Amino acid sequence: DGGKRPDYLAGLNPEQTEAVETLEGPVLVLAGAGTGKTRVLTTRIAHILNTGRAFPSQILAVTFTNKAAREMKERIALLVGGAVEGMPWLGTFHSIGVKLLRRHGELVGLSSGFTILDTDDVVRLIKQLIQAEGLDDKRWPAKQFAGMIDTWKNKGLGPADIPEGDARAFANGRGRDLYFAYQNRLSTLNACDFGDLLMHPIAIFRKNPDLLKEYHGRFRYILVDEYQDTNTAQYMWLRLLAQRTKGEPQNVCCVGDDDQSIYGWRGAEVDNILRFEKDFPGAKVIKLERNYRSTEHILGAAAHLIAHNEGRLGKTLFTDRADPDDVKVQVHASWDSEEEARAIGEEIEQLQRNKHLLNDMAILVRASFQMREFEDRFVTLGLNYRVIGGPRFYERLEIRDAMAYFRLVAQPADDLAFERIINTPKRGLGDTTVRALHDYARARDIPMLAAAADIIETDELKPKARKALFDVIQSFRRWQELLENTPHTELAEQILEESGYTDMWKNDKSAEAPGRLENLKELIRSMESFESMRGFLEHVSLVMDAETNENLDAVSIMTLHSAKGLEFDTVFLPGWEEGLFPHQRSLDESGRAGLEEERRLAYVGITRAKRRCHIWFVSNRRIHGLWQSTLPSRFLDELPETHVEVAEMEQSYGGYGRGGYGQSRFDKAEPFANSYSTPGWKRAQANKNDATRDNWGSRSGHAVERIGYGESGPKGRTIDGE
Ligand code: ATP
Ligand code: MG
């Protein structure tokens, strides 16, 4: 140590400094939004490196998204003056899991070049298993079972561990057998799913104490961001690595905020925060209370809202960012989502005229379907935007087909890829051929591509199919030979040309075809930043959001879930209506707990804003082509008067009357006033937490068509009388 105090420590407050400098032993930083938790982690890493306590490769740092990992790397480089030689173990739980499996996969029966299946592959695979068991796949949908497996894996449960009740719940008690069969099939395919990226490392470490010990020695410091959203499997994984033999210090530092736990639906366990102190005795718990991000109005609104939740650990938050120019949180109403998008577009253009950067603005939606409206509008306006996390580029049909070709070239045992493209484009290799290949492969326990090469030597297939298959196999052999020596982008292009895949879309007369061809071009372009086909395939398996152009000034559009940890000067929060936000599904499936998670999501949304926060609700939404009237979100009623103001009503909105509103205060203002001091302020308690409330998700009785909708629109609501 010694020497002068480095610059990067100078700006920290005393609690932050303590969190950065307490390097020995377990540390838990529990603090609200914008208090500098992530900054503490970053600075801590810089401090470790700068004081020579560890090499970059001896630090294990877990972030929630790949984007966050990239940003953290950049910031660390800035803090230590750019001298960091990479940080090989900085990433998400999943990406670190991949890395461990690439090294030690053989310990769980995976050989090098194994495939990581995406959800779609998993569902196809399970469907095959269900059919092979002679079960009705309509009665027992593969998708449902895929969800069950995912849930089990999030809890760290393998086929042998699942509770009796759970096992019985699917396929007349055959759930466990199916789960076993699924895992067997995966290992035959030399593949794993996302859950296995956690499960396999856990198994590897448990079965190989010496190896675990080696990693204990390697990882001198362990750090975890967004700790409140770890699931049980992640926690098990972390504990294995962080709990060393007695007596040795466990240099593990986790930072989190229970109020921002928003992945309960995906198995996150906020209780992991409470377990930390038990599992890591002597842990130092540090609280940060000063918020550096937001204005007093934004923070006040968020704090008041989240106070409606019951299950909280409780924290204090303050800011001294109080400027007389600070604006209150603005609530706006629009007629429908089209108008909402138009109004937000205008607001953005206004800000732009006042020299604000688009990069500093974000639209955070509750459900990804909401994005389309904004995308359409922004294309019309010529406003640059980027979709972060949303409906992903790599999930598009043509991209998946192309990827299947690439996968099969790089990983010839990838049967799912084989099945996906063997008859795409059409080559006369229909179901009969595929079934014959399938049986042949299963009987000999070999991959389908290998089976295909064998089967054409026999007379099992009709001459035409045999010829077609022969051609395909020749092509794959050629591409495989090129894999090592041809630049991978060139090869990729060649594959798509020679396979006839590009031509298939060129000959396609549908409206989407040109877009698909553009996407394929974009796919090739996106490969350029990778060194090899394999590196690229791995990247896609992890579905990063690398397709965004970081250099462009653009508004970000994303879901509230993917906005975690981020911050923007201006944040737009559209769609604050009952049924959409809080989302009906959460309420139906998880009741009070679901509502509280929705409220945390609202808290996350508001606290992303540094200076300006605009909340929107519309009075009509089109669901499945039908117009339905909506109620303003109950969360709007939970915002404090002092920090919020209702903006002028949108002009076109005034013409329609406001039939859709009930007892919300947003209904009673007449005309829509710039204050909250109107009667009818509090929504009737009866409306709160009423699981049976009528809303846009179920109000088919009020559905009206767009045409002819006007003064006589949906008036009144059956719910109010209940
Ligand atoms: P979240 O809960 O949303 O993830 P967080 O607790 O991780 O928030 P950070 O993102 O680390 O908070 O910090 C919020 C903002 O405050 C950042 O812009 C950060 O640079 C700034 N900040 C944090 N600490 C300080 C400080 N001591 N001085 C000045 N700015 C700070
Ligand atoms: Mg953070």
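Under the UniProt record's numbering, residues 47 to 768 are what the sequence shown spells out, in order. C-beta: ideal position from N, C-alpha, C; glycine also. The model shown is predicted, which means the values in this text are computed figures rather than measured ones.
Is it right to say residue i is buried, meaning 16 or more other beta carbons lie within 10 angstroms of its own, or is it exposed?
i: ALA279; result: buried
i: PRO72; result: buried
i: LEU359; result: exposed
i: GLN306; result: buried
i: ASP591; result: The predicted model places ASP591 with a pLDDT of 40, which falls under 50 and marks its position as unreliable; any figure quoted below should be read in that light. Per the 10 Å Cβ criterion, buried.
i: TYR54; result: buried
i: ASN277; result: buried
i: ALA341; result: For clarity, residue 341 is Thr in the given sequence; the question names Ala instead. Buried is the call here.
i: LEU598; result: exposed
i: SER665; result: buried
i: ASP242; result: buried
i: GLN396; result: exposed
i: PRO295; result: exposed
i: LEU320; result: exposed
i: SER157; result: exposed
i: CYS659; result: buried
In the DSSP assignment, what residue or residues form a beta bridge with residue i?
i: residue 13; result: Nothing in the structure corresponds to residue 13, since the chain is present only between 47 and 768.
i: ALA604; result: Reading off the sequence, residue 604 comes out as Met, not Ala. LEU410, ILE434.
i: HIS629; result: GLY625, LEU626
i: ALA237; result: THR161
i: PRO678; result: GLU623
i: GLN376; result: HIS660, GLU691
i: GLY137; result: VAL108
i: LEU74; result: CYS300, VAL331
Kindly indicate which residue of the options has the alpha-carbon position closest to the one of residue i.
i: TYR338; options: ARG285, GLY80, LEU74, TYR54; result: GLY80
i: TYR225; options: PRO471, LEU171, LEU528; result: LEU171
i: ASP500; options: VAL373, ALA100, TYR486; result: TYR486
i: THR616; options: ILE467, GLN398, ASP505; result: GLN398
i: THR532; options: VAL455, GLU584, LEU641; result: VAL455
i: GLU384; options: TRP662, SER521, MET573, LEU243; result: TRP662
i: VAL692; options: ARG336, VAL375, GLU120; result: VAL375
i: GLU179; options: ALA217, HIS354, SER158, ASN430; result: ALA217
i: ASP382; options: ARG667, GLU120, TRP135; result: ARG667
i: ALA249; options: VAL154, THR605, LEU95, LYS656; result: VAL154
i: HIS93; options: ALA115, VAL75, GLU70, LEU647; result: GLU70
i: ARG290; options: ALA450, LYS259, ARG148; result: LYS259
i: ALA600; options: LYS173, ASP406, SER103; result: ASP406
i: ALA511; options: GLY476, GLN526, GLU544; result: GLY476
i: LEU147; options: PRO134, CYS238, ARG116; result: CYS238
i: MET282; options: HIS246, THR362, GLU421; result: HIS246
Flag this pair as yes or no: are the beta carbons of residue i and residue j separated by less than 8 Å?
i: HIS689; j: ALA347; result: yes
i: residue 843; j: THR535; result: Beyond the ends of the chain as shown, which are 47 and 768, falls residue 843; an answer cannot be given.
i: GLY236; j: ALA459; result: The question names Gly, but residue 236 is Asn in the sequence shown. Their beta carbons are under 8 Å apart, which means ASN236 touches ALA459 by this criterion.
i: THR138; j: VAL108; result: yes
i: GLY204; j: ARG214; result: no
i: TYR267; j: ALA100; result: yes
i: LEU515; j: LEU507; result: yes
i: ASN200; j: GLY313; result: yes
i: GLU613; j: LEU334; result: no
i: GLU623; j: SER632; result: no
i: PRO620; j: ILE344; result: no
i: ILE603; j: VAL433; result: yes
i: ARG524; j: CYS299; result: no
i: LEU95; j: VAL126; result: yes
i: LEU269; j: GLU444; result: no
Comparing the CB of residue i with every heavy atom of the ligand MG, is any distance shorter than 7 Å?
i: LYS83; result: yes
i: residue 12; result: There is simply no residue 12 to check, as the chain begins at 47 and stops at 768 in what is shown.
i: GLU271; result: Per the sequence shown, residue 271 should be read as Asp rather than Glu. Because some heavy atom of the ligand MG lies under 7 Å away, the Cβ of ASP271 counts as near it: yes.
i: GLY611; result: yes
If you measure from the CB of residue i, is any heavy atom of the ligand ATP nearer than 7 Å?
i: LEU619; result: no
i: ASN59; result: yes
i: THR653; result: yes
i: ASP303; result: yes
i: TYR338; result: yes
i: ALA77; result: yes
i: GLY80; result: yes
i: GLN306; result: yes
i: GLN62; result: yes
Contact criterion: CB-CB distance below 8 Å. Does residue i meet it with respect to chain D?
i: VAL301; result: This model lacks chain D altogether; it includes just one protein chain.
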